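Colleague: Residue numbers (our numbering): 57 to 198.
1. Compute the Euclidean distance between the alpha carbons of residue 190 and residue 153, then round it to the nearest angstrom.
2. From the DSSP output, in three-state form, read off residue 99 for me.
3. Taking 6 Å as the limit between beta carbons, can you name the residues of its chain near residue 143, skipping five residues before and five after?
4. Here's the rule: buried if 16 or more other CB atoms are within 10 angstroms of the residue's CB, otherwise exposed. What is residue 119?
5. How many whole angstroms separate the CB atoms of residue 151 and residue 192, which I take to be in contact at a CB cut-off of 8 Å?
6. Measuring straight from C-alpha to C-alpha, what distance separates residue 70 and residue 107?
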């Protein structure tokens, strides 16, 4: 199996960064998704190029067991926040947090110290412990 560091190095050589990966099961088919970012933005052509580069490498060193489809994509405007670096990189952006107690909070991520987020909502700052978060994403009001 290919390791994430190998994927990161290949992406870096092609001037993009790994944002995240996921394995999805859609209709009984496994999909290995690689989300990439770039300072200049992510285009469809860029995703196609990265897919073409990674595909033969992953054919020889599959990232998961069994048959799968490779997808390379941008994390999108409303991207999932899972890792500390996701939260650190989203300071100043509007986020939507769903806590384990089902409380939903939408506000601007003001700070993150590795354990606690501070969300500005109206005139107040709401501290949220990472351990209390069920789901988190950046949020765009359509």
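Glycine included, each C-beta is placed from N, C-alpha and C at the ideal position.
These figures come from a predicted structure and were not determined experimentally.
Modeller: On the basis of the data shown:
1. So the alpha carbons of these two residues sit roughly 8 Å apart.
2. If DSSP states are grouped into helix, strand and coil, residue 99 belongs with coil.
3. The answer, listed in chain order, is 137 and 168.
4. The residue is buried, with at least 16 neighbouring Cβ atoms inside 10 Å.
5. The Cβ separation is near 6 Å, so the contact holds.
6. So the two alpha carbons sit approximately 11 Å from each other.
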